[in-house]
Amino acid sequence: MADRLHNDVWERADKKLGNSFARSMRLTPEEWIQKKEQIYLPLCQWGLGIPFFRHIAPAALVGCGAQTLAAVRGKLTDQGFATPTQSDFAGLHWVKRVAQAYTDCRGGVQRELGQNHIPRVLQSEWEERIDDFLIHERGEMQHLMIEALHLVRREQLLNMLSPPGKARLKSCLGTGASAWLTAMPSSGWTKISPTLFTTTVRLRLGLPIPEIKRNPICACGATLDHEGQHAQTCGTRGGVWWRHEQMKDAFCSLLQGLRHCYVTREPTFRQLGLFTPTRLVNERQKRPDFLAGLPSGDTVLGDVAVTHPFSIDANRLRRFAKTAGSAAKAMEKVKNDRYGEICHEIGFRFVPLVFETYGRPGEGTIRFLKEIAKLGAGRVRGGEGDEAVQTRLMDRYYKVLSCTLQRFVAANLLCSIHSRRGTRGPFQPECLLGREVAAFSGSFDSEGVN
Numbered sequence: 005m006a007d008r009l010h011n012d013v014w015e016r017a018d019k020k021l022g023n024s025f026a027r028s029m030r031l032t033p034e035e036w037i038q039k040k041e042q043i044y045l046p047l048c049q050w051g052l053g054i055p056f057f058r059h060i061a062p063a064a065l066v067g068c069g070a071q072t073l074a075a076v077r078g079k080l081t082d083q084g085f086a087t088p089t090q091s092d093f094a095g096l097h098w099v100k101r102v103a104q105a106y107t108d109c110r111g112g113v114q115r116e117l118g119q120n121h122i123p124r125v126l127q128s129e130w131e132e133r134i135d136d137f138l139i140h141e142r143g144e145m146q147h148l149m150i151e152a153l154h155l156v157r158r159e160q161l162l163n164m165l166s167p168p169g170k171a172r173l174k175s176c177l178g179t180g181a182s183a184w185l186t187a188m189p190s191s192g193w194t195k196i197s198p199t200l201f202t203t204t205v206r207l208r209l210g211l212p213i214p215e216i217k218r219n220p221i222c223a224c225g226a227t228l229d230h231e232g233q234h235a236q237t238c239g240t241r242g243g244v245w246w247r248h249e250q251m252k253d254a255f256c257s258l259l260q261g262l263r264h265c266y267v268t269r270e271p272t273f274r275q276l277g278l279f280t281p282t283r284l285v286n287e288r289q290k291r292p293d294f295l296a297g298l299p300s301g302d303t304v305l306g307d308v309a310v311t312h313p314f315s316i317d318a319n320r321l322r323r324f325a326k327t328a329g330s331a332a333k334a335m336e337k338v339k340n341d342r343y344g345e346i347c348h349e350i351g352f353r354f355v356p357l358v359f360e361t362y363g364r365p366g367e368g369t370i371r372f373l374k375e376i377a378k379l380g381a382g383r384v385r386g387g388e389g390d391e392a393v394q395t396r397l398m399d400r401y402y403k404v405l406s407c408t409l410q411r412f413v414a415a416n417l418l419c420s421i422h423s424r425r426g427t428r429g430p431f432q433p434e435c436l437l438g439r440e441v442a443a444f445s446g447s448f449d450s451e452g453v454n
């Protein structure tokens, strides 16, 4: 059990793992100290999922104790002994250690969150909790306690951050937002070169980008902030367009993987039959990113957008910091206002496919992915049920889209650096990033994406 190892052993393990991670991600000791609270959080809570053994150890001890108490009581009762009570176990050494670990965890959480906000799993005193352990075998106790400890770290982190930092963390939180961190590099869609991976990790943590610190001038001539906020929206050099095109290609690839699904890229509304004289010429020339005929018989027009959850407008920034997904929701409204009415007029369904730069997908994107996963699962014949197949398809879709997004978010940022004074012209990522980035990020020529 966890009490067999002393705290100094766990501290050494934490230090060794932390040093290894910082070295591989090229973090300085100061950066590690500054960001380790976020790094230790799980992926589903905008962290990087690095284990923190000093938190896991007491939770593991309580979890083992919870299962052992119920099992011992059941064995004694089955063998004809008198039903043991709390007092029969109270003097045992290992029970005292479990009680101490539970009390310490509960006290720490209560100090940080207050009595009114303490998680349910830690609301009871130890005397009440041990009675529950003797009756029920609580196999989920360790997991619930670790979640409670992560909640404390998350609240501490949020309280320390400014509105831009809170907006960044909220954008990292969401279905599929962290899929790139768990994807295996089994295909070109899920490969991220080391240069781009470390850049993406630094963006997620809100750390300065070393390449920008060495050369803080954008291709447009503006001074770059070290966190890369300007580079995420600057259209000079074509990096934003390039990022959009790659996300569009990823969506089209997923759709083409469905049977009996056809995809047409960038059709104009004139080509789709919008000849109403009341419409302006420029409206007839608008072109969504793709037209897809689904196996269900439905026809969908999709338009892809990548939006950055940061704004110089204080009100918008506060909204992004307060509500997760606000930036994606605002962009979905822009897309619906632009295309929704026209698509309805010609009889097609419009779907805005929006991602925030830190990975969070919009609600419309999630619904559409579930729809195509259901269509794909319905055509699979095998031992697995449709729900299992659908879950696997959704996992694949999120990993492909998440890896593509983060790979080209990082590439766009690095390519925005004005490496040659006076240089202007077409987007040329290969000369700025090097051959190794070009090899992992896709095929390029002097004009952009092939």
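For the sequence shown, the positions run 5 to 454 when the numbering used here is used.
Yeah, the Cβ is synthetic: ideal placement off N, Cα and C, and Gly gets one too.
query: What did DSSP end up calling residue 133 once you bin it into helix, strand or coil?
result: Residue 133 falls in the helix class under three-state DSSP.
query: Since residue 167 is in the alpha helix (DSSP H), which residue starts that stretch and which ends it?
result: Where residue 167 is concerned, the enclosing alpha helix (DSSP H) stretches over 167-176.
message: Can you list, in chain order, the residues of its chain with a C-beta nearer than 7 Å to that of residue 248? Leave out the 5 residues immediately preceding and following it.
response: Excluding residues up to 5 positions away in sequence, 308 and 310 lie with their Cβ nearer than 7 Å to the Cβ of residue 248 in the same chain.
task: Give the DSSP bridge partners of residue 354, in chain order.
output: The partner list for residue 354 (beta bridge, DSSP) reads 305.
message: Counting C-beta neighbours from all protein chains within 10 Å, is the total for residue 55 16 or more, i.e. buried, or is it exposed?
response: With fewer than 16 other beta carbons inside 10 angstroms of its own, residue 55 counts as exposed.
message: Suppose the cutoff is 7 Å on Cβ atoms and the five residues either side in sequence are ignored; what does the same chain contact list for residue 380 look like?
response: So the list reads 262 and 397, once near-sequence residues are dropped.
- prompt: Using the C-alpha atoms, what's the distance from residue 68 back to residue 141?
  reply: Just so you know, the alpha carbons of residue 141 and residue 68 end up roughly 10 Å apart.
task: Mind reading off the beta-carbon distance from residue 256 to residue 298? Whole number of angstroms is fine, and I expect it under 8 Å.
output: Incorrect: roughly 13 Å between the Cβ atoms, too far for contact.
message: Using 7 Å as the threshold, is the C-beta distance between residue 48 and residue 194 below it?
response: The Cβ atoms of residue 48 and residue 194 do not sit closer than 7 Å to each other.
- prompt: Taking contact to mean at least 3 C-beta pairs separated by less than 8 Å, is the segment 72-86 in contact with the segment 136-154?
  reply: Contact holds: three or more Cβ-Cβ distances are below 8 Å.
task: Can you grab the Cα-Cα spacing for the pair residue 83 / residue 24, in whole Å?
output: If I take the Cα positions, the gap works out to 51 Å.
query: With 16 as the cutoff for other CB atoms within 10 Å, does residue 133 come out buried or exposed?
result: Around the Cβ of residue 133, a 10 Å sphere holds 16 or more other Cβ atoms; the residue is buried.
task: Please report the residue range of the alpha helix (DSSP H) in which residue 343 lies.
output: In the DSSP assignment, residue 343 falls outside any alpha helix (DSSP H), carrying neither H nor E.
message: So, for residue 170: in the same chain, excluding its five sequence neighbours on each side, which residues have a beta-carbon less than 7 Å away from its beta-carbon?
response: Non-local C-beta neighbours of residue 170 in its own chain, meaning closer than 7 Å and more than five positions away in sequence, comprise 162 and 325, ordered along the chain.
query: Are at least three pairs of beta-carbons, each pair with one atom in the segment 145-153 and one in the segment 118-127, less than 8 Å apart?
result: Contact holds: three or more Cβ-Cβ distances are below 8 Å.
task: Could you pull out every residue in the same chain whose Cβ sits closer than 8 Å to the Cβ of residue 17, ignoring the five residues on either side in sequence?
output: For residue 17, same chain residues with a beta-carbon under 8 Å away, outside a window of 5 residues either side, are 57 in chain order.
field: residue 222 in three-state terms, based on DSSP
entry: Residue 222: strand per DSSP, three-state reduction.
query: Can we say the segment 360-367 touches the segment 341-351, given the rule of at least three CB pairs closer than 8 Å?
result: Touching, no, given that fewer than three Cβ pairs across the two stretches are closer than 8 Å.
message: Please report the distance separating the alpha-carbon of residue 101 from that of residue 91.
response: Taken atom to atom, the span from the alpha-carbon of residue 101 to that of residue 91 is near 15 Å.
task: May I ask you to report which of helix, strand or coil DSSP gives residue 116?
output: In the structure shown, residue 116 adopts helical secondary structure according to DSSP, grouped into three states.
task: Kindly identify the DSSP beta-bridge partner or partners of residue 391.
output: Residue pairing for residue 391: DSSP places it in no beta bridge.
task: Give me whichever residues DSSP pairs with residue 421 in a beta bridge.
output: In DSSP, residue 421 forms a bridge with 222.
field: Helix, strand or coil at residue 364 according to DSSP, with G and I counted as helix
entry: Look at residue 364 here: in three-state DSSP terms it is coil, with no helix or strand label.
message: Just to confirm, is the Cβ distance from residue 206 to residue 213 under 7 Å?
response: In this structure, residue 213 lies closer than 7 Å to residue 206 by Cβ.
message: Measuring straight from C-alpha to C-alpha, what distance separates residue 517 and residue 382?
response: Here the chain covers residues 5 to 454 and nothing more, so residue 517 does not appear.
field: Neighbourhood of residue 136 by C-beta distance below 8 Å, restricted to the same chain and skipping five residues each side
entry: 128 and 142.
query: Who does residue 2 pair with in a DSSP beta bridge?
result: Since the displayed the chain opens at 5 and closes at 454, residue 2 lies outside it and no answer follows.
- prompt: Which first and last residues belong to the alpha helix (DSSP H) in which residue 314 is found?
  reply: In the DSSP annotation of this structure, residue 314 is not part of any alpha helix (DSSP H), being labelled neither H nor E.
Range of the contiguous alpha helix (DSSP H) that encloses residue 78: 57-82 is the extent of the alpha helix (DSSP H) around residue 78.
field: Neighbourhood of residue 130 by C-beta distance below 7 Å, restricted to the same chain and skipping five residues each side
entry: The residues are 103, 106 and 107.
- request: Would you kindly work out how many angstroms separate the C-alpha atoms of residue 226 and residue 240, rounded to a whole number?
  value: Those two C-alpha atoms are separated by around 11 Å.
field: Among 78, 222 and 34, the one whose alpha carbon lies nearest that of residue 418
entry: The candidate whose alpha carbon is nearest that of residue 418 is 222.
- prompt: Is it buried or exposed for residue 37, if we count other Cβ within 10 angstroms and need 16 for buried?
  reply: By the 10 Å Cβ count, residue 37 comes out exposed.
- request: Have a look at 235, 276 and 211 and flag the residue whose alpha-carbon is nearest the alpha-carbon of residue 35.
  value: Of the candidates 235, 276 and 211, the one whose C-alpha sits nearest the C-alpha of residue 35 is 211.
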